[in-house]
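To start, the structure under review is shown below, and the notes come after it.
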Amino acid sequence: MKKFKVGLVGRIIIAMVLGMLLGGVLPLKVTRVFTTFNGLFSQFLGFIIPLLIVGLVAPAIADIGRKAGRMLLGTTLLAYLATLISGFASYFTSVGLFPGLIEPGTLSQSLAQANDAAPYFTIEIAPLMGVMTALILAFMLGLGMANVQGAALHGMFNDFREIIYRTIARVIIPLLPLFIFGIALNMAYSGQAAAVLSVFIKIIGVIFVLHIAVLLFQYCVAGLFSKRNPFGLLLRMLPAYFTALGTQSSAATIPVTLRQTIANGVNKDVAGFVVPLCATIHLSGSTLKIVACAIAIMMMQGSAIEFSQLAGFILMLGVVMVAAPGVPGGAIMAALGVLQSMLGFGEQEQALMIALYIAMDNFGTACNVTGDGALAVIINKFYKTE
223 MKKFKVGLVG RIIIAMVLGM LLGGVLPLKV TRVFTTFNGL FSQFLGFIIP LLIVGLVAPA
283 IADIGRKAGR MLLGTTLLAY LATLISGFAS YFTSVGLFPG LIEPGTLSQS LAQANDAAPY
343 FTIEIAPLMG VMTALILAFM LGLGMANVQG AALHGMFNDF REIIYRTIAR VIIPLLPLFI
403 FGIALNMAYS GQAAAVLSVF IKIIGVIFVL HIAVLLFQYC VAGLFSKRNP FGLLLRMLPA
463 YFTALGTQSS AATIPVTLRQ TIANGVNKDV AGFVVPLCAT IHLSGSTLKI VACAIAIMMM
523 QGSAIEFSQL AGFILMLGVV MVAAPGVPGG AIMAALGVLQ SMLGFGEQEQ ALMIALYIAM
583 DNFGTACNVT GDGALAVIIN KFYKTE
């Protein structure tokens, strides 16, 4: 008989529910054990975030530069533009709808009341550099490797990227449910778990509708370029959408996405180039989730939502998403640096972001890969006219 395996999303949800149920039952001494683990795990995250940025962004930029060509440049710019549009659409939707769904200060009350469950001890793990320093260094190294065309340094960074991938997949991701459990336990201990959970459910509903709206927009634009029915184009991509829902992986869905993209009339060579590339660099669904979740948590804290601050965050997030690792939850891991440096998110806020994001990871991945088909239709139009 096959063993029944619970995926990451299931483990995160179970950890969240258990934490909220047990928060009012377990004694304070036990709660403090998990708070101690969370403090250590948070220190490790703070240490690895700058390394993650350098290890992922630098070789990604170098790879794009080395393969420079008209179609590559056009696809990359189009993917970035699509990501930005999704991010800003998420921003305007969130600031318009969330004030009626979220009571300001819900989260700040929870964090203030949770101070009693302090960790038994903490160990400070200082990062090697700040997040912005890491971003600048990653850009400088990435552009430098693309121009110098040196094999030695590029090979070293490819190895370093693999180390980061394995650290995320084998250390951080497996420990995330325990981290989320500790956060939920602490919130339940403070008496605010029910309020936070009710807000989360509302946010998830809004984000799901946003995913559908983004796909409709992308295929309407693709329909204008190709002069074809956008709804027919979108319907043909549904097998890719549902495959992504089941696999929770853009890479695993590439064969289906490629087949359906060709069925939409895209040249085989164009589809064979654009679909695998966009599986890595086009994350519209992931971006809109991160922006919406970040705004929701800021409102729950009672923080001011300023357009200039969020605009800068979205522009930088679009760049970071290009280097998001291809593991479940990889996009939110890559985004933690800009969440910390540009929005000031600490341990609790980052944990809630991870929980919210991964709870909807399947739908974000499905939005990403289905949108890849729309971008391929647009790129195909320019390819045919050359």
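Numbering of the sequence shown is given in the numbering used here, commencing with residue 223 and proceeding in unit increments.
Built from N, CA and C at the ideal position, the CB exists for glycine as well.
Environment of residue i [buried if 16+ CB atoms lie within 10 Å]
i: asparagine 408; result: buried
i: valine 431; result: exposed
i: phenylalanine 567; result: buried
i: asparagine 451; result: exposed
i: glycine 377; result: exposed
i: asparagine 380; result: exposed
i: serine 530; result: exposed
i: arginine 383; result: buried
i: glutamine 523; result: buried
i: proline 396; result: exposed
i: aspartate 491; result: exposed
i: glutamate 571; result: buried
i: alanine 336; result: Any reading at alanine 336 must be qualified, since the residue scores a pLDDT of 47, below 50, and its modelled position is unreliable; the value itself is stated next. Looking at its Cβ environment, which holds 16 or more other Cβ atoms inside 10 Å, alanine 336 is buried.
i: proline 321; result: exposed
i: asparagine 369; result: exposed
i: isoleucine 358; result: exposed
i: valine 393; result: exposed
Endpoints, the alpha helix (DSSP H) within which residue i is located
i: serine 316; result: 292-319
i: glutamate 571; result: 569-581
i: leucine 554; result: In the sequence as presented, leucine is not what sits at residue 554; that position holds isoleucine. From DSSP, the alpha helix (DSSP H) with isoleucine 554 extends over 552-565.
Assigned secondary structure, residue i (DSSP; H/G/I helix, E/B strand, else coil)
i: leucine 505; result: coil
i: isoleucine 236; result: helix
i: alanine 336; result: With a pLDDT of 47 at alanine 336, under the threshold of 50, the modelled position of that residue is not reliable, and the figure given next carries that caveat. Alanine 336: helix per DSSP, three-state reduction.
i: glutamate 384; result: helix
i: alanine 348; result: coil
i: asparagine 486; result: coil
i: tyrosine 342; result: coil
i: proline 498; result: helix
i: valine 370; result: helix
i: proline 249; result: coil
i: methionine 543; result: helix
i: glycine 241; result: helix
i: proline 477; result: helix
i: proline 281; result: helix
i: alanine 596; result: helix
i: serine 264; result: helix
i: alanine 462; result: helix
i: isoleucine 527; result: coil
i: phenylalanine 259; result: helix
i: leucine 510; result: helix
i: leucine 375; result: helix
i: proline 202; result: Only positions 223 to 608 of the chain appear in this structure, which leaves residue 202 out of reach.
i: isoleucine 519; result: helix
i: isoleucine 358; result: helix
i: leucine 537; result: helix
i: isoleucine 390; result: helix
i: leucine 323; result: coil
Proximity below 8 Å, CB of residue i to CB of residue j
i: leucine 480; j: alanine 493; result: yes
i: leucine 274; j: alanine 556; result: yes
i: threonine 297; j: leucine 537; result: no
i: glycine 507; j: cysteine 589; result: yes
i: glycine 593; j: lysine 511; result: no
i: serine 559; j: isoleucine 271; result: One point to set straight first is that residue 559 is glycine, not serine, in the sequence displayed. Closer than 8 Å, so yes.
i: isoleucine 345; j: glutamine 265; result: yes
i: methionine 575; j: isoleucine 600; result: no
i: alanine 516; j: leucine 561; result: yes
i: isoleucine 324; j: valine 421; result: yes
i: alanine 518; j: serine 316; result: yes
i: glycine 404; j: phenylalanine 604; result: no
i: isoleucine 476; j: alanine 501; result: yes
i: methionine 521; j: leucine 565; result: no
i: isoleucine 423; j: leucine 578; result: no
i: glycine 595; j: threonine 509; result: no
i: leucine 398; j: isoleucine 234; result: yes
i: methionine 582; j: isoleucine 429; result: yes
i: leucine 437; j: histidine 504; result: no
i: methionine 242; j: alanine 410; result: yes
i: valine 279; j: valine 542; result: yes
i: proline 349; j: phenylalanine 263; result: no
i: glycine 540; j: leucine 306; result: yes
i: alanine 573; j: leucine 400; result: no
i: serine 563; j: methionine 367; result: no
beta-carbon residue i near the ligand NAD non-hydrogen atom, thresh 7 Å
i: alanine 435; result: Ligands are entirely absent from the displayed structure, and the ligand NAD is therefore not among its contents.
Output the residue ranges of the alpha helix (DSSP H) runs that lie fully inside the region 393-457 and measure 4 residues or longer, sorted by chain position.
395-412 and 415-448
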